[in-house]
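So the protein lines, in turn, are chains L and G.
If you count the first sequence from 1, position 40 lands on 39 in numbering that gives the first Met the number 0, and the numbers rise without skipping.
If you count the second sequence from 1, position 94 lands on 93 in numbering that gives the first Met the number 0, and the numbers rise without skipping.
Note that the Cβ used here is the ideal one computed from N, Cα and C, for glycine as well.
Below is one structure, written out as structure tokens, with a few remarks after it.
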Amino acid sequence: MQIYLPIAEVSVNFFTLLGIGGVVGILSGMFGVGGGFLITPLLFLAGIPSAVAVATSANQIVASSFSGLLAHLRRKTVDIRMGLMLLVGGLVGSAMGVYVFNLLRELGQVDLLVRLCYVVFLGIVGAMMLVESLRAMRRARGQTAPYKPRRQRNWVHTWPAKMRFRTSQLYISAIPVVLIGLSVGILAAIMGVGGGFIMVPAMIYILGMPTKVVVGTSLFQIIFVTAFTTLLHAVTNHTVDLMLALVLILGGVTGAQIGTQIGLRMKAEQLRVLLASLVLLVCGKLALELLLRPEELYVIGGVGG
Amino acid sequence: MIRAVLALLLSLWGGMGSAQEDVVLGLSQNRVQINARFSGSEILIFGAVKREAPIPETPLEVIVTVAGPSAPVTVHRKDRVMGIWVNAESVEIDSAPSFYAVASSGPIEDVLSHTEDLRHSVTVPRAVRSVGSGAVDPAAFTVALIRIRRDDGVYNTLPGAVDVEQQTLFDTSVELPANLIEGAYAVRVFLMREGQVVSQFQTAIEVRKVGLERWLYNLAHDYALLYGILSLVIAIAAGWLASAVFRMLRS
Numbered sequence: 000m001q002i003y004l005p006i007a008e009v010s011v012n013f014f015t016l017l018g019i020g021g022v023v024g025i026l027s028g029m030f031g032v033g034g035g036f037l038i039t040p041l042l043f044l045a046g047i048p049s050a051v052a053v054a055t056s057a058n059q060i061v062a063s064s065f066s067g068l069l070a071h072l073r074r075k076t077v078d079i080r081m082g083l084m085l086l087v088g089g090l091v092g093s094a095m096g097v098y099v100f101n102l103l104r105e106l107g108q109v110d111l112l113v114r115l116c117y118v119v120f121l122g123i124v125g126a127m128m129l130v131e132s133l134r135a136m137r138r139a140r141g142q143t144a145p146y147k148p149r150r151q152r153n154w155v156h157t158w159p160a161k162m163r164f165r166t167s168q169l170y171i172s173a174i175p176v177v178l179i180g181l182s183v184g185i186l187a188a189i190m191g192v193g194g195g196f197i198m199v200p201a202m203i204y205i206l207g208m209p210t211k212v213v214v215g216t217s218l219f220q221i222i223f224v225t226a227f228t229t230l231l232h233a234v235t236n237h238t239v240d241l242m243l244a245l246v247l248i249l250g251g252v253t254g255a256q257i258g259t260q261i262g263l264r265m266k267a268e269q270l271r272v273l274l275a276s277l278v279l280l281v282c283g284k285l286a287l288e289l290l291l292r293p294e295e296l297y298v299i300g301g302v303g304g
Numbered sequence: 000m001i002r003a004v005l006a007l008l009l010s011l012w013g014g015m016g017s018a019q020e021d022v023v024l025g026l027s028q029n030r031v032q033i034n035a036r037f038s039g040s041e042i043l044i045f046g047a048v049k050r051e052a053p054i055p056e057t058p059l060e061v062i063v064t065v066a067g068p069s070a071p072v073t074v075h076r077k078d079r080v081m082g083i084w085v086n087a088e089s090v091e092i093d094s095a096p097s098f099y100a101v102a103s104s105g106p107i108e109d110v111l112s113h114t115e116d117l118r119h120s121v122t123v124p125r126a127v128r129s130v131g132s133g134a135v136d137p138a139a140f141t142v143a144l145i146r147i148r149r150d151d152g153v154y155n156t157l158p159g160a161v162d163v164e165q166q167t168l169f170d171t172s173v174e175l176p177a178n179l180i181e182g183a184y185a186v187r188v189f190l191m192r193e194g195q196v197v198s199q200f201q202t203a204i205e206v207r208k209v210g211l212e213r214w215l216y217n218l219a220h221d222y223a224l225l226y227g228i229l230s231l232v233i234a235i236a237a238g239w240l241a242s243a244v245f246r247m248l249r250s
């Protein structure tokens, strides 16, 4: 069944779009990532113009993240206080990121920068998570008693402006929290994603939050960042396709509910191994595209300049 | 339809009375409406040759072109810089139609002389207009554009697709793909003898979005902020609804 998209001006198979939305929704619910780093490349493959794909996936991420967040709220696995502090940094960061993005677009080669950002950050984050979570799994298997993470006291504990985050069972400085929000916001705006795949490991490894709380809290702040991005795209570029978004959302919200259930039944280490492998897979594909000689050397750019 | 043909006949009488042979044209539809279920459209183009004098000895050939709205296009060429493939050179092609089809009654190179092609811009390479600047080899970029769009099925050359009967009646059909953009699609008909254009006729097919497609498109462009907020409201509502439905299913 074909469906014509009014803003993208292409005709695409309805079930293909529904499937893309569903798969990304499941991942979103499982890992607390928005799925932007997956849905945008998948939409390119389906034949959607890149500008529309980037803007509309932001809108879809709002829906699936909200659906996932509600499930986490009921289980009280959201640290709202932490989320708000991250958001303060995140909104400032994404405004800065959009500014940098436009600056680079004027200089040309913004496409390349976005790709390089993807490869570098997905690579680093994926590799770090994979090594750490595999080590944690091995350790857990070796011990009979359940593994309890050692609370190290690093710089996040010694800085001033300390705040108590009850849900995360943390008493740490607010400054690193805002800084993480800020840097993820900048990257998210440049890369056109929610930033969950950077936020999640940052929360686990830098702030030392429990993994179960990380997912819900990440979803909480992703909603606001992607909502902001959606509005920005809709107003400046008119590239949000509501018809496309509706189909993706339909698949996405359903997927997110299923994903949350799967996520709750799995061990935290297993979740992290899976997310790490997925991140590395996307990174590898993008890296190959940059390194191998493309079959078609010529690319048609944006119509009308 | 009949009224349209009559109007054509009248205008032909008025304007082109001096030409020996004139085209009387009909289209199966002069308006294409894009709704949500749009999946392409086939346009039948048919007509007759009106003449006062007896049929000339040389055989009559017919060429029909359909061209979508034109726009400038930037073509990039990838090159290897420090081990990675990046968009290195780029050329702005001044004007390229979003869709182009050439149907002819015989092989295009037999039917159409080179000078007539230059004069009327009939074939695909002539329909893409490029002054060419900047790059070392601008022609290669135009060739690449045509190759990519031909592989996408939006630039078509259809030799032998026009049927001509008794040097008087002709008909062909052109498939418009599902990925249409809005605008006026120019239909041109050329009557050819010995590679020369003896008569030509031009009309247009109006392609427009209708219904929900039209409404969304207008809203997105005229009330962008409202549209953006609407997108978010729908997203949040859908997220909440899915959550509520799943909770009900589980309990």
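Check, Outcome
"Taking only the alpha-carbon atoms, compute the straight-line gap between residue 210 (chain G) and residue 35 (chain G) and give it to the nearest angstrom.", "8 angstroms"
"Could you pull the DSSP bridge partners for residue 83 (chain G) from this structure?", "G:80"
"Quick test of your reading: residue 257 (chain L) and residue 38 (chain L), contact by CB under 8 angstroms. State the CB separation rounded to the nearest angstrom.", "Actually they are not in contact, since the Cβ atoms of residue 257 (chain L) and residue 38 (chain L) sit about 16 angstroms apart, beyond 8 angstroms."
"If you drop the 5 nearest sequence neighbours on each side, which residues of the same chain put their C-beta closer than 6 angstroms to that of residue 169 (chain L)?", "none"
"Could you name the residues of chain L that residue 98 (chain G) contacts, counting a contact when the two beta carbons are closer than 8 angstroms?", "None at all; the shortest Cβ gap to chain L is about 12 angstroms."
"What's the C-alpha gap between residue 87 (chain L) and residue 184 (chain L)?", "10 angstroms"
"Under 8 angstroms, Cβ to Cβ, is there at least one residue of chain L near residue 85 (chain G)?", "yes"
"Does any C-beta atom of chain G lie closer than 8 angstroms to the C-beta of residue 297 (chain L)?", "yes"
"Between which two residues does the beta strand (DSSP E) holding residue 66 (chain G) run?", "60 to 66"
"Mind checking if residue 5 (chain L) is an interface residue toward chain G, Cβ cutoff 8 angstroms exclusive?", "yes"
"Residue 159 (chain G): buried (16+ other C-beta within 10 angstroms of its C-beta) or exposed?", "exposed"
"Per the DSSP calculation, residue 105 (chain G) is bridged to which residue(s)?", "For residue 105 (chain G), which the question treats as bridged, DSSP gives no partner whatsoever."
"Roughly how many angstroms separate the alpha carbons of residue 98 (chain L) and residue 224 (chain L), rounded to a whole number?", "15 angstroms"
"Between the region 139 to 157 of chain G and the region 288 to 297 of chain L, can you find at least three pairs of beta-carbon atoms closer than 8 angstroms?", "yes"
"Using only alpha-carbon positions, find the residue among G:240, G:104, G:67, G:78 that is nearest to residue 127 (chain G).", "G:67"
"According to DSSP, simplified to helix, strand and coil, what is residue 77 (chain L)?", "coil"
"What does residue 33 (chain G) reach in chain A if we use C-beta pairs closer than 7 angstroms?", "Note that chain A does not occur in the displayed structure, where the protein chains are L and G."
"Mapping DSSP to helix, strand and coil, what is residue 30 (chain L)?", "helix"
"Counting only the same chain and skipping the five closest in sequence on each side, list residues whose C-beta sits under 7 angstroms from that of residue 238 (chain L).", "6, 50, 51, 54, 232"
"Distance, Cα to Cα, residue 369 (chain L) vs residue 9 (chain L)?", "Nothing can be reported for residue 369 (chain L): it is not among the residues displayed for chain L, which extend from 0 to 304."
"Does any residue of chain L have a CB that is nearer than 8 angstroms to the CB of residue 74 (chain G)?", "yes"
"If we ignore side chains and look at the alpha-carbon of each, how far apart do residue 61 (chain L) and residue 217 (chain G) end up?", "23 angstroms"
"Quick one: grab the DSSP three-state call for residue 176 (chain G).", "coil"
"Check whether the Cβ atoms of residue 71 (chain L) and residue 218 (chain L) sit closer than 8 angstroms, and answer yes or no.", "yes"
"Going by other Cβ atoms of all chains shown within 10 Å of its Cβ, with 16 needed for buried, is residue 147 (chain L) buried or exposed?", "Confidence is the limiting factor: at residue 147 (chain L) the pLDDT is only 48, short of 50, which leaves the residue's position unreliable, though a coordinate-based value still follows. So residue 147 (chain L) ends up on the exposed side."
"Closer than 7 angstroms by C-beta to residue 181 (chain G): which residues in its own chain qualify, once you throw out the five before and the five after it? Chain order, please.", "206, 207, 208"
"Compute the Euclidean distance between the alpha carbons of residue 353 (chain L) and residue 47 (chain L), then round it to the nearest angstrom.", "Beyond the ends of chain L as shown, which are 0 and 304, falls residue 353 (chain L); an answer cannot be given."
"Out of G:84, G:175, G:121, point me to the one whose CA is closest to residue 288 (chain L)'s CA.", "G:84"
"Which chain L residues sit within Cβ distance under 9 angstroms of residue 226 (chain G)?", "233, 234, 237, 239, 241"
"State whether the region 268 to 286 of chain L contacts the region 112 to 120 of chain L, with contact taken as three or more CB pairs (one from each stretch) at a distance under 8 angstroms.", "yes"
"When burial is assigned at 16 or more other CB atoms within 10 Å of the CB, is residue 52 (chain G) buried or exposed?", "exposed"
"Please check the pair residue 95 (chain G) and residue 64 (chain G), which I expect to be a contact at CB under 8 angstroms, by giving their CB distance rounded to whole angstroms.", "Rounded, the Cβ-Cβ distance is 14 angstroms, inconsistent with contact."
"Which residues in chain L sit within 9 angstroms of residue 233 (chain G), going by Cβ to Cβ distance?", "58, 62, 241, 244, 245, 248"
"Of all the CB atoms in chain L, is at least one closer than 8 angstroms to the CB of residue 178 (chain G)?", "yes"
"CB-CB under 7 angstroms to residue 144 (chain L), same chain, minus the five flanking residues each way: which ones, in chain order?", "For residue 144 (chain L), the predicted structure reports a pLDDT of 46, less than 50, and the residue's modelled location is therefore unreliable. A value from the coordinates is still provided. Counting only Cβ-Cβ distances below 7 angstroms, and skipping sequence neighbours, we find nothing."
"Using beta carbons (cut-off 8 angstroms, strictly below), is residue 145 (chain L) in contact with chain G?", "At residue 145 (chain L) the pLDDT is 46, less than 50, meaning the model places this residue with poor confidence and gives no usable figure here."
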